[in-house]
Amino acid sequence: MEREMTKLNRYALRSAVEKIDGYYLPRPHERNKTDAFERAKHDCLAALRQQIQKIESITFEQFTSKDSRK
10 MEREMTKLNR YALRSAVEKI DGYYLPRPHE RNKTDAFERA KHDCLAALRQ QIQKIESITF
70 EQFTSKDSRK
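First residue of the sequence shown: 10, per this note's numbering; consecutive thereafter.
Here you go:
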C-alpha cells in the first residue's frame, strides 16, 4: 500500500526528522538502517500519541492548579 507523499516545507521536515532521530539508535538485531528507521519512527509516534492522551486528559482545574505550574 503506497502512502500519499506529503510535501513538507524545510522547517516541518527538519522538525519531524529531529523527532525521529531522538529514537534512532540501530540495535544489533535490526538487519539494516531501514529497519532501525521504521522502529524509530514507530517509537516516536507512540510517544507522541501518549503525550496527546495526557494533554487531552488535563482538566481546566488541573491546568490552573498552583501545583501544575513552576
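Glycine included, C-beta positions come from ideal geometry on N, C-alpha and C.
Just so you know, the alpha carbons of L54 and Y33 end up roughly 13 Å apart.
Y32: not part of any alpha helix (DSSP H); DSSP gives it neither H nor E. Listed in chain order, the non-local C-beta contacts of R48 below 6 Å within the same chain number zero, local neighbours out to five positions each way being set aside. Counted as a single uninterrupted DSSP element, the alpha helix (DSSP H) harbouring K63 occupies residues 42-66.
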